[in-house]
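Heads up, the sequence shown is in our numbering, so the first residue is 1224 and it goes up one at a time.
Just so you know, even glycine gets a beta-carbon here, dropped at the ideal spot from N, CA and C.
Read the structure below first, then the notes.
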Amino acid sequence: MKILRSRGGIYLLLLLMAINLAGCNQAEEAGDEAVIEQAPAFTLPELQKQENLSYPEDFADQKVILTFFSMG
1224 MKILRSRGGI YLLLLLMAIN LAGCNQAEEA GDEAVIEQAP AFTLPELQKQ
1274 ENLSYPEDFA DQKVILTFFS MG
C-alpha cells in the first residue's frame, strides 16, 4: 500500500483507471463487416436421416454459424 500513498502511485492509479474507462467506449457493432469471407459450398451426411445437407442451398435465407472442432 506504500505505492498508493505516494504521489506517483496515485498518478499511476488514475492513469490506469483512465485507460480502462477509455477502452469501455470502444464497443464494436457486429454486422456484415464481421464476415471475413463466405464459406465454400459443401455437402455433409445428416446424422439422423439418410440424406445429405448441402450448404448454401439447404440454408437459403437463414443465418448460419459454422463451428469446426475435433474430438481427438
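Collapsed DSSP secondary structure at residue i in the structure displayed
i, result
"Phe1265", "strand"
"Leu1276", "strand"
"Phe1282", "helix"
"Ile1233", "helix"
"Leu1289", "coil"
"Leu1238", "helix"
"Leu1270", "coil"
Under 8 Å between C-beta atoms of residue i and residue j
i, j, result
"Thr1266", "Ser1277", "yes"
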